[in-house]
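Taking my numbering, the leading residue of the sequence shown gets 11, the next gets one more, and so forth.
Glycine included, C-beta positions come from ideal geometry on N, C-alpha and C.
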Amino acid sequence: SLLKETNMAFDPTSAIYIPSGGTAQNTFDAIVIGSGISGGWAAKELCDKGLKTLVLERGRQVEHVKDYPTAMMKAWEFPHRLRPTAQTIKENPLISQAAGYGEDTAHFFIKDKDHPYIREKDFNWVRGYQVGGKSLIWGRACPRWSPYEFTAPARLGYGAEWPIRYEDVAPWYTHVERFAGVCGNKDGIESMPDGDFLPPFDFNCVELSMKTKVNARYKDRFMVQGRWAHITQPNDIHTQQGRGKCQARNKCMRGCPWGAYFSSNSSTLPWAAKTGNLTVRPHSVAHSIIYDEQKAKAVGVRVVDALTKETTDYFAKIIFVNASALNSTLILLNSISKRFPAGLGNDSGALGRYVGFHNYRGVIDADIEGFEDTYYYGNNPSECMLANFRNLKKQDTNFVGGYMAFMGAYRNRSEAPERPVQIGADYKDALTEAGDWHAYIYMQGETILKASNRVYLSDTEKDQWGIPLLVTSVDYDDNDVAMMQDFLTQGAEIMEAAGAKNIRPYDRNWPPGLDIHEMGGCRMGADPKTSVLNQWNQMHACKNVFVTDGACMTSTGVQSPSIYYMALTARAVDYAFGELKKGNL
């Protein structure tokens, strides 16, 4: 039964269960820790280059299509109509606050009691442990970073210098956009560069009106169609992956049977499996990276089986750490040796520090009058975007950093307020009538990566696998509040320009972490004295270890980061493979 449970099912001939045993059968060319967005890309690129690659995933097996139990269910088929029960919320007070969490998706999120951590400050750590990780439940927004985001922190004096620039990453953005399938429009906006896009989802009639009015009112504020990881018009590379066109159901976080949105399960892992070079081991909790003092490099990964608690060592020439920002940092902090008593590669003392997130606190709701004779077809899984217009070439506000925004318009069914009894034929008939139009806009703001925002290991408490619990000490600061206040003011003005009425700005005042964009902890930099990774996402002090998930970030930037991680991962694998061939690793 253990063999059946842990055997990877993408392709029985290439996805192998690994028992504990001797060194030879546990040795690979490369090991990837984590199977989420960046880990899946590492696996694909490594396998494409002919390297025998082991992917370690701490969670259970999830096979594309087969293991999406709620994907085709109707709302009325759920006992609680998609809502988590009071008992579920009581048992999971933290994870139940996550965006997308519901009766239809809870199986892709962790349970609080199974994966504790210590909250020194009020930080909500959102996790999804399974093959595919959070690629099954991500928001799928894929705008590119602008050149300004690479230079602003050092240029304007609020952060560290990035060791790379937009030009270094641009071709790798193209590489991953073409394979993953990203829809969008070429808008020619300086603060949100164009990519290699599939056709975008159309504006609905109100969004088109809003866009026309906003873009006519401002010279520096642009409302555009969303850049989203959805296949709107498959190319050959997508059909080769077995993926199809988005059906505009907007039930993405249940898992997409068409593979229309990008996930590791539908795209990169099956592609890697077809090479015959992939081995995936679910239920494998990475304990630490093994450092050989004599060889002066990492030689493998120590794994605790999540089911049996048995410990096994796996060995490889290169190791990619892609367990998600905080877990990757945890693993590195727990990788202690005589050479690295404070964690692998931590000569600078930066490991675990400079942790950030995205500021989502500001939200504005509003009403739209008119358009009663129009509706829209389907459920658009993307949102419109408002490109950043703050602090680009110079600081022009009382805060540092910038923000972009997501926005849109929608029309609900009639709420029938004149019918106090919401039951019976009259109420049913009322539900066939369309209600009023509403609009919204919410911010996604840059935060400052500070040494005081950090995570570290508990000295006294451990998890069920004997690994020290992570302590999170991450919080907002005055700059975050000033940025939110500016957004609420400017956002309300933008909504008014868009024709909205009854504009309602508010502060969500939720804890950091609920943005699910945690970044930093193992940052890149040119100087080994102040950073852990170099310009290739390679450890300064341990050359055969690469970190390409959110832990590597030198600053948070403004844009959604996932596609940036994909691009950095593909770029780092290309470099690592070259160094391996040269005998440098």
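inquiry  = Given a cut-off of 8 Å on the beta-carbon distance, is the pair residue 149 and residue 361 in contact?
reply    = no
key: Extent of the continuous alpha helix (DSSP H) run through residue 621   = In this structure the chain extends from 11 to 595, so residue 621 is not present and cannot be described.
query = Excluding five sequence neighbours on each side, which residues of the same chain lie with their C-beta closer than 6 Å to the C-beta of residue 129?
reply = 482
ask   = Closest to residue 566 by CA distance: which of 162, 515, 105 and 352 is it?
value = 162
key: Exposed unless 16 or more other CB atoms sit within 10 angstroms - verdict on residue 559   = buried
key: Top-ranked residue by Cα proximity to residue 142, from 88, 322, 440 and 332   = 332
Where the beta strand (DSSP E) through residue 452 begins and ends = 444-455
Three CB pairs or more closer than 8 Å across the segment 573-584 and the segment 179-189 = yes
key: Proximity winner among 39, 562, 506 and 543, relative to residue 227 (alpha-carbon distances)   = 506
key: Simplified DSSP state of residue 153, which is helix, strand or coil   = coil
query = Considering only C-alpha positions, which residue in the set 72, 586, 562 and 539 is nearest to residue 291?
reply = 72
Reference residue 236; option with closest CA among 547, 273 and 194 = 194
ask   = Using the C-alpha atoms, what's the distance from residue 508 back to residue 426?
value = Because residue 426 sits at a pLDDT of 49, beneath the cut-off of 50, its placement in the model cannot be relied upon, and the following sentence gives the value as read from the coordinates. One C-alpha to the other measures close to 27 Å.
query = Touching or not, the segment 521-537 and the segment 404-412, by the rule of three or more beta carbon pairs under 8 Å?
reply = no
request  = Decide if the segment 395-406 is in contact with the segment 215-235; the criterion is three or more beta carbon pairs, one per stretch, under 8 Å apart.
outcome  = yes
Spatial distance of residue 461 from residue 309 (CA atoms) = 30 Å
task = Count the other CB atoms, across all protein chains shown, that sit within 10 Å of the CB of residue 286; report buried if there are 16 or more and exposed otherwise.
result = exposed
message = Just verifying my parser: in three-state terms, what is the DSSP assignment at residue 478?
response = strand
key: Exposure of residue 271, with buried meaning 16 or more beta-carbon neighbours within 10 Å   = buried
request  = Provide the residue(s) that pair with residue 283 in DSSP beta bridges, ordered along the chain.
outcome  = Paired residue(s): none; residue 283 is not in a bridge.
Collapsed DSSP secondary structure at residue 545 in the structure displayed = coil
inquiry  = Please return the same chain residues whose Cβ sits closer than 6 Å to the Cβ of residue 455, not counting the five positions on each side in sequence.
reply    = 369, 413 and 493
query = Roughly how many angstroms lie between the CA atoms of residue 88 and residue 95, to the nearest whole one?
reply = 12 Å
key: Between the CA atoms of residue 418 and residue 474 - distance to the nearest angstrom   = 44 Å
key: Bridge partner(s) assigned by DSSP for residue 310   = 300 and 325
key: Backbone secondary structure at residue 107 - three-state DSSP   = helix
key: Span of the beta strand (DSSP E), counted from its first residue to its last, around residue 64   = 63-66
message = Rounding to the nearest angstrom, what Cα-Cα distance links residue 111 and residue 122 in this structure?
response = 13 Å
inquiry  = What does the Cβ neighbour count give for residue 173, buried or exposed, with the cut at 16 atoms within 10 Å?
reply    = buried
task = Kindly indicate which three-state DSSP category residue 210 falls into: helix, strand or coil?
result = coil
ask   = residue 79 to residue 105, Cα distance in whole Å?
value = 20 Å
request  = Could you tell me how far apart the beta carbons of residue 44 and residue 334 are, in whole angstroms, since I believe they sit closer than 8 Å?
outcome  = 7 Å
query = In three-state terms, what does DSSP make of residue 250?
reply = helix
task = Quickly, what does DSSP pair residue 515 with across the bridge? List them, please.
result = 374
message = Just verifying my parser: in three-state terms, what is the DSSP assignment at residue 318?
response = coil
query = Among 284, 400, 519 and 175, which has the Cα closest to the Cα of residue 133?
reply = 519
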